Structures are given as C-alpha cells and as structure tokens.
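Visitor: So that we are looking at the same thing, I have put the structure below in structure tokens.
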Amino acid sequence: MQLTLKVWRQKNNKAEGKFEFHKIQAEEHMSFLEMLDVLNEKIVSEKKEPVAFEHDCREGICGSCSMVINGRPHGPQAGTTTCQLHMRAYKSGDTITIEPFRATSFPVIKDLVVDRSSFDNIIQAGGYISVNTGQAVDGNAIPVNRDDASDAFDSAACIGCGACVAACPNGSAMLFTSAKINHLEKLPQGKIEHNTRVKNMIKQMDKEGFGKCSNVGACGVECPKEIPMDNIAAMNRSYLTSVFTKE
Amino acid sequence: MKLDSKTPEGSLAEKWTKYRGSMNLVAPNNKRRLDVIVVGTGLAGASAASTLGELGYNVKAFTFHDSPRRAHSIAAQGGINAAKNYQNDGDSIYRLFYDTIKGGDYRSRESNVHRLAECSTEIIDQAVAQGVPFAREYGGLLANRSFGGVQVSRTFYARGQTGQQLLIGAYSGLSRQIALGKVKMHNRHEMLDVVIVDGKARGIITRNLLTGKLEKHAAHCVVLATGGYGNVFYLSTNAMGSNVSAAWRAVKKGALMANPCYTQIHPTCIPVSGEYQSKLTLMSESLRNDGRVWVPNKLDDAKAIQQGQKTAQELKEEDRDYYLERRYPAFGNLVPRDVASRAAKTATDEGKGVVKTGLGVYLDFAAAIERYGKSTAHTKGISNPSSAQIKELGEEVVSQKYGNLFQMYEKITGENPYKSPMKIYPAVHYTMGGLWVDYNLETNIPGLFALGEANFSDHGANRLGASALMQGLADGYFVIPYTIGQFLSNEIRTPQISNESPEFITAEKETRARLDHLIDTNGNQSVESFHRKLGKIMWEYCGMSRNAEGLQKGIKMIQDLREEFKKDVFVPGVVEEFNPELEKATRVADFLEMGEVMMRDALDRNESCGGHFREEYVSSDGEAERNDEEYTYVAAWEWLENGKPQVHKEELKFENVELKTRSYK
Ligand SMILES: Cc1cc2nc3c(=O)[nH]c(=O)nc-3n(C[C@H](O)[C@H](O)[C@H](O)COP(=O)(O)OP(=O)(O)OC[C@H]3O[C@@H](n4cnc5c(N)ncnc54)[C@H](O)[C@@H]3O)c2cc1C
Ligand code: SF4
Ligand code: FES
C-alpha cells in the first residue's frame, strides 16, 4: 500500500517543531512501528536523521511507544498500543498524521519522544507498600478474595504509557494515579497505608502540573489497557475520606 | 587462569544456610560509607538496588530506559516457579533443584541451583507483600499451573503478565528507596565502560542519552544486571533495546563470558511474516498446558495448506501428527523448550510446515475447548448440551485462562485462534550463557558482580520455563545482599573512590574515541542493515542446530562483516545530542564481537546438550547426545585483542545427582 505520512519533527525541546511529509510503501502485515522502521531506513539511506520515536517491547506491555496517530493516542483501535497496531487497519492512499503525546507535564525531547518522568515521581510519592526484603510473611498467610485479586489486577495492568494524559483536554493524570491507588487498596497488604498514599500521590500529581479532571472520559476511551474509569471515582472518594481522617 | 567457584563446604542442603550464617558482615555505620553502582533495573537490578538501599548502602542505579518500569522483564508472560508445594503434589526444594539440573542438561553448578530452589519460596512471600496480584483460588489462596519439563504444579502467575506485575513490584520497592534518598536513580543513562582501578571494579563510564554527554561514576563496587544478549540474532522475542554491551565491555576489561553458545530457542512464537520483521512475539509456554502441537501427516496436505488451498479443520484426526505426544508420551506437549523446538524443526524440515514459508506448526485448542465445555456443562447441570453450547462454554474457560494471549495473537496475525489453530514456530528467546560468576555472583574481576540473565549461573545448557524470573529475583533480593558483603567487608577503610583518577580519565577518553569513530566513519550502510546481516549469519550457522563446517564459515563471515562495519557504517547526527542511531551503533558493534565468541564456543563443544545441538552428535533416535566424559565443564571465554578468544574451564562436579541421559519419553 502507498501511504503519505505527515510526521512531527522537532530537533529538541527548545527548537520549534513542524510537520514533514513522506511517501512510503507499506504492507498490511507490518506493524505500525515496522512501517516507521521502513521510513527510517529510507531517511537514513538519504543520510538524514531518522524520526526519533520511543519503543522497546513491541508487544504492548512496556508502555514505551507514545504517539498520537490521526489525532488519537495509540491510533484508532480500542485496547491497542501503537506497537500492536498493524497496517491492515489502513488502506492504500491514506494520509496518516503522527505526532508526539502533547501535555504540559510531558515535554517533547525529540520528534515523537516525550519525557514522562513525572509518572515516576508520582509513584515515588507513595505508589508502593512499605515492606523491606525478607520481612514478608508466608504468601498464603493472608488469603485474598479471588475477586479482589482480580480487581486489583485490572488496575495494576496499567503500563504507564501516558495516553490517558495525552487524550485529556486538561492533561490530567487521574486515570494513571487512581489505577495505582486502587490496585494497592484492593489488597489487604496495601490497605494499611491507603490514606497517606492517596494524599501524597495526589499532591505530587498536582505538583507535576497535571490538570484537573472534568469528567470528559477521553482517558478511559484511549487507554490501551482499558483501565476502568471507576478508578477515578473511587480515588476521589478516598481522597475526601483521607482529608477528613486524622492519622 | 584457575577458575574458583568458591562453593562453600558442607552438604548440599546446608551450604547456603551455613555460609550465610558465617559470612563477613558490614556494620550499619560502615554501610553508609560504601557506594554501590547497580547497572540495570530489570527484575534482577531493581530488586538488588532496592534491597541494598534498604540495608543502608549508598546505591547509584542506572538504566538506559526512561524508567525502571520499562525493562525487558516487563514482557515475561507465563509465571515464576517456587517450591512451595501449596498443591501438595510432591514438590520440594530438592525436586525443583533436580528438575532444574536435569532441565539444564547437567551443565550447571549444583550448589548455585540448590540455593536458587531454596530462595524461590521467599520470593513469592516478598512479591505478595509488595502487592503483586497473583492469581488466586476461590478460597483466597495462591493458584498454580504447570510449565514444561516438570510434573508438578509450581508456577505462580498473574494472568499472562507475570513479569509485568513482578517488575512493578520491584519498581515500587525501588521507588520507595529513591524517595528515601538511599538510591540515586539515573534513567536514560547507558553504561559504555567499566573502570578498573588496582584490579578492582570501581566505576563506570556512562552516556547521558538525553544530552549525549559522557559521565564518570565511581563506587566501591559495580553490579551488572543488564539482561541477556538474544538480540545478537536480530530477530528474537527480546525487547528491541536488549543488548550485550555492558557485559561485553566487562569482557573487554578482562571478565570472562561463560557458555556463550547456550541459547534458548522458544518453541511457541508467532512465525516470521516478512523481510521487514523487527522482532518476534512469544506465545507463552503456559499455552502448551492446553494446546496440542501438530502438523499434517501427509506431505500433500501440508503443501495444500501452505498454498492456502486447505485449512487445518479439513484434516481428519488420522491425517494429523501430534508429534510431541507421539514421540514423548510421558511429557507430551509439555516437553522442555529445546526438545519441543527441535521437534518442530524436524517436522518442518520434512516439509510438513503449515504456513506460506513452510516454517510453522499448529498449536490447537479445539480439544481443550471441547473438554472444558463438557465439564462446565456438567457442573452447570446442562444435560445433553449441543455442540455449539459446549463450544461456547469451553471458549469461555479458555478465554479466562489465556484471553490476553489469544487477543495478542489476533492483533498480530489478524486470525482468530478460537476458530482456527494458532500457527507457531521456534524463535530465539533467552541466553543461558553470560558473565562467569562464582558462588558469590562475583566475576573474575574483584568487585564486579553479575546478576539475572546477564550471568551464566543457574540454567546450564537449557532453562526451564518460569525460572528466569525466579533467578533474577533470587539474585537481587536474596543472594547479592549477602554475598556483596564478602567483598565490601574488606573495603570499610577504603575512602570514597575518586572519579578523577587516571583510570577514569583514560576510560572516558577511550569511550569518546569509540563514539567519534562511529560518527566519523560516515559510510553508506545503516546500523540496522548490519544488525540484520549479523542476525542471519547467527541464525543460519549458530541457531537451532549447528555443525563444525557451518560454524567455521560463520566465524569468517562475522569477521568480514565486522571489518565492513568499521569502514562503512553510517551513523547520523552528533555525539552530544539525543541520538538513538548512535545508541544502536555501539550495541551492534559489540554484538559483532560477541557473535564470534558464541560461534567459537559452539565449535569447541563437541557434543549436543540442551540448547546447543550439534548435528554431528545425535543418538540413533535423533536425540541430543552429550559427552560427559569430556565436556562436563563451564567454558569461560577470555577476549584477547589479537582476535583469538581463549577458553578457560571450570569443571562441574556432580555429587548429589547422577548424570543421566535426559529423557522425556
Ligand atoms: C517475551 C518473554 C517472555 C518471558 N516470559 C518469562 C516467564 O514467563 N517466566 C520467566 O521466568 N522468564 C520469562 N522470560 C525471561 C525473563 O523475562 C528474563 O530473562 C528476565 O526478565 C531478565 O531479567 P533481568 O533483570 O536479568 O534483565 P532485563 O529485564 O533485561 O533488564 C536489563 C536492565 O539493564 C539495563 N541495561 C542493559 N544494558 C545497559 C547499559 N549498558 N547501561 C545501562 N543500563 C543497561 C536495561 O535498561 C534494563 O533496566 C521471558 C522473556 C521474554 C523475552
Ligand atoms: S491508565 Fe491507561 S493510558 Fe494511562 S498510563 Fe495507564 S495504561 Fe496508559
Ligand atoms: S513498545 Fe512496548 S508498549 Fe509499545
């Protein structure tokens, strides 16, 4: 298939960015990133600088790949990361616009690569259970309700990609943060520090410059791991409780 | 060179406990004064860095990723082993030890493997305490499943994302230490050299990948947890960034690379679809619990299927060859990986492949769907269920067990595996070889340690499923925190190491020269094209089966390719900027040397064992034939600048298990 790519090029954080147009030949069994590999091979063969994009696992689990494709983070398919998208979703003659995730808290590094260290900072503020190595009791000492474990998993499945932030008109990180909070809260081991965790993580989220949530719901739609939106409501409830409880 | 494994005295079951109890300790006030560098924050590195931080050491951790959470470990699917015997099915530490020794085809160190089995149980406890949402039974207790090469259920799992959940657990522990100031995290920093001062590893040279600037980092010792080198084959199931450079740089400074030819080829991956292919996707081994592997019996049928004129469903039972069940009745579809991969190769070599290229076999769930459907119908009290009902109920069960894997398959291939069988083929997956380490996980360079997939220590010539996560976490949480004390207890009077010594300055200069050379070459071929060529040579001559003639040819081809690379590689941009092409170039340059050592090792080892299959050494029924008389040793390679790597040997002594022909029949 013959495609026209309209790709965002930006030398570095300070430089001004602009779109560049490329015509390329792709095949339907290629993944989207393999299509970009083909583009980059072509650019390199012309002795120019290839399009920088982040990627690693190429199977939808590391959360590295981050681009907005025709206006949608991770492209058109539900529950799919960019690296899992295949060219059979497109047809010959299509023009595809490719941009980086855009959000104040994710500054552009180069082309399609953005800095998502703000997510690490949120986790460092409390996205853990305080247990040192070797202190743990036997794995079966505390039974965990099967449904609770399963719910915890549903939230824990977040890959930290940031599509939720990129999709949100306010650049809010509520889905990411609430997913971590609820993952831990659903398990007996994580309940103990719940109140402080909620307060500290939300505080850090605000400090990183993420926007407020106004219930647009775009995060839930674009999240490649289909992290449920009700995580946000649960976090809001916990936040209110935590503010009114003394430690 | 004499290789001393430093295995402690005593009976196998007591070695670790006794050793741990009598080791030199470092007092808390001294720990505060000791700096430790940890390179790599996958399962092994993150668990080590956080635990060392908890103990009080000053830890500096490095990863080339933008966050520790993105390490390749995140992709592990199937599960993690532990000898908990929660299922009461006869499991024990000894049995896990024995299975691992046998699975590794009697080419690993007894003492290390036993320690691994001992630590396995604590890992599960630790992970549960961190909030890893393992699968549970209705009663709230932990669930298990089986993996290849064993007859008990000892694998713990979190749906098909066990690696992700374990890494998130380790990453959260690490994040806590970062917040507490005990670990200083350096994301997007790639180690490009290790610095040796007075014979001890005292630091590293890194490149800040955002700015391109070189930095010198000093510490009292250096821990490498930098993963495996499967990407030397270009196509593998490893993440795109996985590479050998950290380990290889250590080798260039005198460390030894042990058993480099032991490569694991995983039997269940999605077949290659075209030239543009950038990586291969694993379909978890857990699928072999319920999937049946087969090819057509008749060549005509295979041909028709390859040409798209027939489908799997059109073949009657008697026209199918469930070759694993036929050849290995005791283990059936759950034989170890090396055995399953070779059997697939045999079938496709005979022309019985089921994809266009001929390189693919079926993994079929129809029987499992029917079996589960019937039993669910029975439990639900549905009498005389229709076949449509059975199928629906069965698909539901299969979806609960493997839903995300089925989805993943469909996304990649565009085919629905509930309707027609999956097509799979072996692919490079894991490297058992790695830096040579002794019982303390220390390399032959004092103060340089290696953990996780980066070392060679526990899996012999073949790794069993769900054992890499176990090993990485055992090394990081439960071994290195003790054994590092054996080195550091002698360093408590050593003041902070300066990064301005001549050794650091020289290492930085050399690194800079290497980078400049790559850019200045300004040739005509892309880094990617060299990597692809190298991969093809490796796969052709050092892949699923090897022979002396091919290996000799391959060595020559790699040497030529390396020369061509030096003269004609093109790397755009400059050193001092964010430059992913330059990152790739340094890694491929190291792969071009590592590949040769792998081939030399394969050529030197005149036997077939585990993942190393030499066509010259097979039994009459086509199975691998070991030569215990001559090859019961670890081959540890030294890189000599004259271009002739030299092998050193560590004899393996088996005092507790009897060396047997590995049989899964
Ligand atoms: C698809 C797949 C599925 C798997 N499933 C399973 C499974 O179910 N069970 C199981 O037991 N095993 C499984 N494995 C194997 C297992 O995942 C790996 O062996 C294991 O995770 C390796 O962990 P590690 O910590 O040693 O290395 P990695 O996770 O590879 O981490 C390496 C770290 O080193 C860093 N690094 C490397 N080089 C440098 C450098 N030069 N400078 C700075 N940082 C550097 C990286 O950034 C990264 O942080 C699977 C593997 C694959 C590919
Ligand atoms: S919540 Fe979803 S979109 Fe947001 S970071 Fe996690 S996986 Fe990505
Ligand atoms: S590259 Fe890992 S999720 Fe896309």
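Sequence lines, in order, name chains A and B.
Here numbering that gives the first Met the number 0 is used: the first residue of the first sequence is 0, the next is one more, and so on.
Here numbering that gives the first Met the number 0 is used: the first residue of the second sequence is 0, the next is one more, and so on.
Every residue, glycine too, gets a C-beta built ideally from N, C-alpha and C.
Computed from a predicted model, the values in this text were never measured in an experiment.
Tell me the residue span of the beta strand (DSSP E) that contains A:I108.
Guide: 107 to 109 is the extent of the beta strand (DSSP E) around A:I108.
Visitor: So, with DSSP's three-state summary, where would you put B:A460?
Guide: B:A460: coil per DSSP, three-state reduction.
Visitor: Does any CB atom of chain A fall closer than 8 Å to the CB of B:T585?
Guide: With 8 Å as the cut-off, B:T585 does not count as an interface residue toward chain A.
Visitor: Using a threshold of 8 Å, state whether the C-beta atoms of B:A224 and B:G41 are closer than that.
Guide: Yes. Within cutoff.
Visitor: At the level of alpha carbons, what is the spacing between B:D600 and B:C260?
Guide: Looking at the two C-alpha atoms, the distance is approximately 6 Å.
Visitor: Please check if any C-beta of chain A sits within less than 8 Å of the C-beta of B:V396.
Guide: It does not; no Cβ of chain A falls within 8 Å.
Visitor: Compute the distance between the beta-carbons of B:Y233 and B:L533, then report whether it is under 8 Å.
Guide: Yes, they are a contact pair.
Visitor: With 7 Å as the limit, tell me which residues of the stretch 183 to 207 of chain B have their beta carbon closer than that to any beta carbon of chain A; keep them in chain order.
Guide: Correct list: N186.
Visitor: Is the stretch 73 to 85 of chain A touching the stretch 56 to 63 of chain A, taking contact as three or more C-beta pairs under 8 Å?
Guide: They touch, by the three-pair rule.
Visitor: Under the three-state reduction of DSSP, which class applies to A:K17: helix, strand or coil?
Guide: In the structure shown, A:K17 sits in a strand (DSSP, three-state: E or B).
Visitor: Is B:E490 helix, strand or coil when you go by DSSP?
Guide: Note: B:E490 maps to coil in three-state DSSP.
Visitor: Distance, Cα to Cα, B:E109 vs B:M593?
Guide: Near 27 Å, if we compare the C-alpha coordinates of B:M593 and B:E109.
Visitor: Drop a sphere of 10 angstroms on the beta-carbon of A:M200, count the other beta-carbons inside from all chains shown, and report buried for 16 or more, exposed for fewer.
Guide: By the 10 Å Cβ count, A:M200 comes out buried.
Visitor: Rounded to the nearest angstrom, how far is the Cβ of B:A74 from that of A:C64, given a contact under 8 Å?
Guide: Actually they do not touch by this definition, with Cβ atoms about 13 Å apart.
Visitor: Can you give me the Cβ contacts of B:G522 inside the same chain, cut-off strictly under 8 Å, excluding the 5 residues immediately before and after it?
Guide: Cβ within range, chain order: K566, D567, V568, F569.
Visitor: Which residues share a DSSP beta bridge with B:R114?
Guide: DSSP output for B:R114 lists no bridge partner at all.
Visitor: Does the beta-carbon of A:G78, which I'm using as the reference point, lie nearer than 7 Å to any heavy atom of ligand 2?
Guide: No, Cβ of A:G78 sits at least 7 Å from all heavy atoms of ligand 2.
Visitor: Would B:D299 and B:L314 qualify as a contact pair, given that the criterion is a beta-carbon distance under 8 Å?
Guide: No, the Cβ-Cβ distance between B:D299 and B:L314 is not below 8 Å.
Visitor: By how many angstroms is the C-alpha of A:Y89 removed from the C-alpha of A:E26?
Guide: C-alpha separation (whole angstroms): 10 Å.
Visitor: Would you decide whether B:Q176 is buried or exposed? Buried here means 16 or more other CB atoms lie within 10 Å of its CB.
Guide: By the neighbour-count rule (16 or more Cβ atoms within 10 Å), B:Q176 is buried.
Visitor: B:S72: which of B:D34, B:V58, B:Q164, B:K1 sits nearest, CA to CA?
Guide: Closest option to B:S72, Cα to Cα, is B:Q164.
Visitor: Using a Cβ-Cβ distance under 8 Å, would B:G352 count as near chain A?
Guide: It does not; no Cβ of chain A falls within 8 Å.
Visitor: Which partner residues does A:S30 have in the DSSP bridge list?
Guide: BP columns for A:S30 point to A:H85.
Visitor: Does the distance between the C-beta of A:E53 and the nearest non-hydrogen atom of ligand 1 fall short of 7 Å?
Guide: Not so, every heavy atom of ligand 1 lies at least 7 Å from the Cβ.
Visitor: For the stretch 105 to 117 of chain A, list every residue whose C-beta sits within 8 Å of some C-beta in chain B, in sequence order.
Guide: Residues passing the 8 Å Cβ filter: I108, K109, V112, D114, R115, S116.
Visitor: Taking 7 Å as the cut-off, does the CB of B:N237 come closer than this to any heavy atom belonging to ligand 5?
Guide: As far as ligands go, the structure on display features ligand 1, ligand 2 and ligand 3 and does not contain ligand 5.
Visitor: Out of A:K109, A:S104, A:M86, which has the shortest C-alpha to C-alpha gap to A:E6?
Guide: Checking the sequence shown, residue 6 of chain A turns out to be Val, not Glu. Answer by Cα proximity: A:K109.
Visitor: Using a C-beta cutoff of 8 Å, does A:V197 count as contacting chain D?
Guide: Considering every chain present, this structure includes no chain D. Its protein chains are A and B.
Visitor: Check each candidate in B:N546, B:R106, B:C118, B:A26 and name the one with the smallest Cα separation from B:A12.
Guide: Ranking B:N546, B:R106, B:C118, B:A26 by Cα distance to B:A12 puts B:C118 first.
Visitor: Within the stretch 621 to 661 of chain B, note down every full alpha helix (DSSP H) run reaching 4 residues or more, in order along the chain.
Guide: Taking only runs of at least 4 residues, the alpha helix (DSSP H) segments lying wholly in the stretch 621 to 661 of chain B are 627 to 630.
Visitor: Under 8 Å between the Cβ atoms of A:S149 and A:N230?
Guide: It is not a contact, given that the beta carbons lie outside the stated cut-off.
Visitor: Going by beta carbon distance, what residues of the same chain come within less than 8 Å of A:I95, once the five residues before and after it are set aside?
Guide: Closer than 8 Å at the Cβ level, and outside the excluded window around A:I95, lie L2, T3, L4, K5, I68, N69, Y89.
Visitor: For the beta strand (DSSP E) holding B:C268, just list the boundary residues, first then last.
Guide: Start and end: 262 to 268.
Visitor: What is the rounded straight-line gap between the Cα of B:L404 and the Cα of B:W636?
Guide: Looking at the two C-alpha atoms, the distance is approximately 39 Å.
Visitor: How is A:D114 classed by DSSP in three states: helix, strand or coil?
Guide: It is coil, neither helix nor strand.
Visitor: Would you mind reading off the limits of the alpha helix (DSSP H) that contains B:Q558?
Guide: 547 to 567 is the extent of the alpha helix (DSSP H) around B:Q558.
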